[in-house]
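Taken in sequence, the protein lines are chains A and B. Following my numbering, the numbering of the first sequence begins with -18 at its first residue and continues without gaps. Following my numbering, the numbering of the second sequence begins with -18 at its first residue and continues without gaps. Virtual Cβ for every residue (Gly too), placed ideally from N, Cα, C.
Number of protein chains: 2
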Amino acid sequence: MAAYSVNHAELSSPPNFADRLAAKVLEKKSQVCVGLDPQIGLIPPFLLARQSGDEGSLGLDPSGVAEAFEEFSLAIIEAVEPHAVAIKLQLACFEAYGPAGIGIMWQLAQACARAGLLVIADGKRGDVGPSAALYSAAYLGIPPAAPPGTSPAQLEEHPEETPVLAGFDAMTVNPLFGEDGVRPFLDDCGRYGKGIFFLVRTSNPGGAQLQDLKLADGGLWHEHLARLVNRWGAGLTGNCGYSSAGAVVGATRPEAIGRLRRMMPAAVFLLPGYGAQGAGAADVREAFDAEGLGGLVSASRSIIYAGNGRGFAVEAAAAAERMKKEVWGAVGQQS
Amino acid sequence: MAAYSVNHAELSSPPNFADRLAAKVLEKKSQVCVGLDPQIGLIPPFLLARQSGDEGSLGLDPSGVAEAFEEFSLAIIEAVEPHAVAIKLQLACFEAYGPAGIGIMWQLAQACARAGLLVIADGKRGDVGPSAALYSAAYLGIPPAAPPGTSPAQLEEHPEETPVLAGFDAMTVNPLFGEDGVRPFLDDCGRYGKGIFFLVRTSNPGGAQLQDLKLADGGLWHEHLARLVNRWGAGLTGNCGYSSAGAVVGATRPEAIGRLRRMMPAAVFLLPGYGAQGAGAADVREAFDAEGLGGLVSASRSIIYAGNGRGFAVEAAAAAERMKKEVWGAVGQQS
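Listed below in structure tokens is the structure:
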């Protein structure tokens, strides 16, 4: 988190997130996003034993857990890099271990960037405007570190005090607060070439309880939300035709994907639920166009926990490669 | 975040959060919750200058900001302690500064506890079950630090490895994921005597866009949510008659407060928007019963930024005392 210099020339016309993503998808022939959700009960036990220094040890302090997560995650990032275009960090996994966990999370975001992978902060943040602006600054923008009104020119004169540009390419956002709550995220996307994925229809069973309620006008609640998301993202459309304001749509809801694609023609879909949650390549096909653009398919457990012995990284790489081929084969380069 | 011992005897029958809150309200004759939202552009400038060590300095690194926030916040906590029953920490303000900010946030939570104030993590977290469980563990419970299945008895034999019980009394939760997403929070409330406040109707203008949509069955979306919250909280009702699963209802929506009280008779209302956002004591009256129980009225800017010179803490104390008397006068001890 030490302050480093922001290239203001570059920031004056940042590359659009949707365009950056599209270029990576076509270059790698992959729509795979690996969900990095390190958890105590699921990572290879030998990594925990190494931290506690005692095979018989019962537990670790937060720093010990964070170090085990770091070793696990760095190996996964390196292993899946050839097959994935993005890594999605589940913030809850790191936040549970306080400053130690958060510190590792930021190091992993930088490791993803060094590996040429787009990195998504999966925190589902959402709040009233002033607080939303701080969440956006934390992950997409520049946290306030100078008095309001300080100009880029003044900062150029004090490079050692130039604030840090957050190291994530995109984040997930909970839209419940409506327009004034989501505006700061949209503004930072335009300002810094970042992206957001609004929760529209989640992949879990309980999602239906509130997201599928039938409205007096005949549609469903999440369909009304989809139309808002389509409007909110209008100003962020890149040369590829897609917007940097995308949507989270559960891959476990195939019947919803085509319907929501028609309501949000320009939204990049982030599609969780592939693999362990039961969705397959055919289920997500309708999110994609004939070039294979328009979505990111996210899998976590089926890849990062493909093995839990000393060969876990090799098995994760194999699982990521299988998924890449399955998804590209089903949705890529159609005609 | 260093691990300290958990008293398992105490945890076996933890005091109910709603009962703990009711006792404090009656003891202090106050329903005041002070929202602690430290921000660069709003805290007294001399605190920032002291950190940068140079009145002419342009900016601070994240640690410098965090230290200024700590000095500001500790002074506010001490100043408002006689007049408030709870402190609500806005997580976005600390999260924006990475590990340094999060570290200060945890120290402030402990300072609130030492001052005898209930402390609420205002993070509006919400996710699918497994991730929700980690958010809940982070703020209300015990983050996993030992292999699954480790028994309390085993941990007693290794006190140095006993996991930390999170230092917040309650947190705000975004309910969009539905039952399986909120269950882990409810379970930790029962297990550890903690509380949650579900977002039901927020205080910001944009809240209406999604929360006030009219349903086919005739009611509004947030009214359907209110009925779910009432059901979710049923198992957490204390001797005071209120549940540890409460609801966030904007104090800026007086017409909604009475209506939602009838739909959630046992929910403790967390009522933001008092003061700077325009709500007054009369607006929140319907949230409370004849004893003055049933709600927490939250104010941030009107108290913590009452002054921004060297006397800021004294002015914050005066503002908190005024608010305590206004609210208690309007809603307390009616008959």
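Approximately 12 Å separates the beta-carbon atoms of Ala114/A and Gly107/A; this is outside 8 Å, ruling out the contact. At a beta-carbon threshold of 8 Å, none of the residues of chain A lie near Pro63/B; the nearest stands roughly 27 Å away. At a cut-off of 8 Å between C-beta atoms, Ile177/B does not count as an interface residue with respect to chain A.
Among the residues of the region 167 to 199 of chain A, those with a Cβ less than 9 Å away from any Cβ of chain B are Leu180, Thr183, Ser184, Asn185, Pro186, Gly187, Gly188, Ala189, Gln190, Leu191, Gln192, Leu194, Lys195, Leu196, Ala197, Asp198 and Gly199, in the order of the chain.
Relative to the Cα of Pro63/A, the nearest Cα in the group Gln88/A, Ala299/A, Cys74/A and Arg240/A belongs to Ala299/A.
When C-alpha distances from Ala247/A are compared across Tyr223/A, Glu267/A and Leu41/A, the shortest belongs to Tyr223/A. Where Gly16/B is concerned, there is no enclosing alpha helix (DSSP H), although the beta strand (DSSP E) around it starts and stops at Val13 to Leu17. DSSP, reduced to helix, strand and coil, places Arg291/B outside both helices and strands of the structure shown, so it counts as coil.
Selection Leu180/B, Glu160/B and His203/B evaluated against Met152/B yields Leu180/B as nearest (Cα-Cα).
By the C-beta criterion, the region 268 to 276 of chain A is judged not to be in contact with the region 284 to 295 of chain A, since fewer than 3 inter-stretch pairs fall below 8 Å. In the three-state scheme derived from DSSP, where H, G and I count as helix and E and B as strand, Ile68/B is classed as strand. The Cβ neighbour count for Arg234/A, taken over all protein chains shown within 10 Å, is at least 16; the residue is labelled buried. Under the 10 Å beta carbon count, Asn211/A is surrounded by 16 or more other beta carbons and is classified as buried.
With respect to the 8 Å criterion, Phe(-2)/A and Gly276/A are not classified as neighbours on the basis of their beta carbons.
The Cβ of Phe158/B sits closer than 8 Å to at least one Cβ of chain A.
Counting C-beta pairs closer than 8 Å gives fewer than three between the region 194 to 209 of chain B and the region 157 to 176 of chain A, which falls short of the contact rule.
According to the DSSP assignment, Lys9/B belongs to the alpha helix (DSSP H) that extends over Phe(-2) to Lys9. At least one C-beta of chain B is nearer than 8 Å to the C-beta of Asn155/A.
For the 8 Å CB-CB criterion, Gln12/A and Trp309/A form a contact. Within chain A, the C-beta atoms nearer than 7 Å to that of Gln71/B come from Ser112, in chain order. Only residues of its own chain outside the window of five on either side were considered, and among them Asn(-3), Ala(-1) and Asp0 have a CB closer than 6 Å to the CB of Gly219/B, listed in chain order.
The beta carbons of Pro19/A and Phe53/A sit closer together than 8 Å.
Under DSSP, Lys195/A takes part in a beta bridge, and its partners are Leu201/A. Rounded to the nearest whole angstrom, the CA to CA distance from Ser283/A to Ala257/A is 5 Å. Residue ranges of uninterrupted alpha helix (DSSP H) with 4 or more members, entirely inside the region 224 to 304 of chain A and ordered along the chain, are 235 to 244, 262 to 265 and 282 to 285. Against chain B, the CB of Val109/A has a partner CB under 8 Å away; the residue lies at that interface. Considering only beta carbons, the part of the region 76 to 92 of chain A lying closer than 7 Å to chain B consists of Glu76, Ala77, Tyr78, Gly79, Pro80, Ala81, Ile83, Gly84 and Trp87, in chain order. In this structure Gly239/B is exposed. Its beta-carbon is surrounded by fewer than 16 other beta-carbon atoms within 10 angstroms. With 16 or more other CB atoms across the displayed protein chains lying within 10 angstroms of its CB, Ser184/A is buried. For Asp150/B, no alpha helix (DSSP H) encloses it, and the DSSP letter there is neither H nor E.
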